[in-house]
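Data first, discussion second: the structure below is written as structure tokens.
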Amino acid sequence: MKRIFVLILALMTMMAFTACGDASEGSKLESKAEEQTTKAAKSNSKILVAYFSRAGENYQVGVVEKGNTKIMAEIIAEETGADLFEIKTVKPYPEGYQECTELAKAELESDTRPEIVGKVEDMSKYDTIYLGYPIWWSDLPMAVYTFLESYDFSGKTIIPFCTSAGDYMTGKEVNIPKFAKGAVIRDGLGMVGKRCQDDPEGVRQDVKKWLKVSE
1 MKRIFVLILA LMTMMAFTAC GDASEGSKLE SKAEEQTTKA AKSNSKILVA
51 YFSRAGENYQ VGVVEKGNTK IMAEIIAEET GADLFEIKTV KPYPEGYQEC
101 TELAKAELES DTRPEIVGKV EDMSKYDTIY LGYPIWWSDL PMAVYTFLES
151 YDFSGKTIIP FCTSAGDYMT GKEVNIPKFA KGAVIRDGLG MVGKRCQDDP
201 EGVRQDVKKW LKVSE
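Note that our numbering numbers the sequence shown so that position 155 is 155, with each residue one more than the last.
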């Protein structure tokens with residue numbers, strides 16, 4: 001009798017462990033399904049991150065292979081599942097910091113529109129555009145204005161982000177709709193450019209907090 005009781009108890013214990021295992025596997029499957037759904041949603045994203053950035057010699061960070069704004073743009077794209085488009089000029093800016101600032105000032109004073117490389121394949125499919133750039137002479141680089149004047153932004157939302165010596169925007173971003181015809185502007189994010197090189201993970205955390213606010 002005692003042997004039968006022990007066998008029954010052992011059988012019940014095995015069934016309990018099996019049930020727990022099934023529940024655990026079910027949770028894993030649900031988690032995987034949610035992850036796949038999230039990835040699918042991101043792949044069908046109607047968000048574009050368009051940015052202008054410059055490598056070479058930069059203020060406070062020396063010579064870099066990847067510009068501050070590009071680092072920030074890639075973080076935003078990764079966190080939102082957005083497509084990326086880099087605004088690049090046909091004629092590259094000088095590698096040296098001083099030479100670049102002098103050219104940027106001359107372009108600003110003459111209101112130049114530098115020719116840029118390529119175009120967004122289908123701008124019409126995007127509802128939201130995160131627009132990134134470094135602050136040059138308290139303004140957007142002239143190449144960004146070239147980009148803004150190249151498309152119809154009717155019904156689209158532009159959310160600016162920028163890098164500079166401080167964690168602020170200049171106020172010039174409010175004028176973006178004057179150049180991006182039909183666009184609605186939303187509050188942006190300014191980031192100290194040096195942090196993008198020295199503390200990219202810290203920047204990522206700040207960007208994630210900002211993205212939740214701007215959703």
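Ideal placement from N, C-alpha and C gives every residue a C-beta, glycine not left out.
Are Gln197 and Val61 close, meaning C-beta to C-beta below 8 Å?
-> yes
As assigned by DSSP and simplified to three states, the class of Ala82 = coil
Is it buried or exposed for Val90, if we count other Cβ within 10 angstroms and need 16 for buried?
-> exposed
What number of angstroms, rounded off, separates the C-alpha of Lys70 from the C-alpha of Cys100?
-> 17 Å
What's the gap between the Cα of Gln98 and the Cα of Tyr59?
-> 9 Å
Does the segment 145–165 come close enough to the segment 178–187 that 3 or more CB-CB pairs lie under 8 Å?
-> yes
Completely contained alpha helix (DSSP H) runs for the segment 127–211, where each covers 4 or more residues = 142–148, 176–179, 193–198
Could you name the residues of the same chain whose beta carbon sits closer than 8 Å to that of Ile116, not counting the 5 residues immediately before and after it, in chain order?
-> Ile87, Lys88, Thr89, Val90, Ala143, Thr146, Phe147, Ser150
Span of the beta strand (DSSP E), counted from its first residue to its last, around Tyr51 = 47–51
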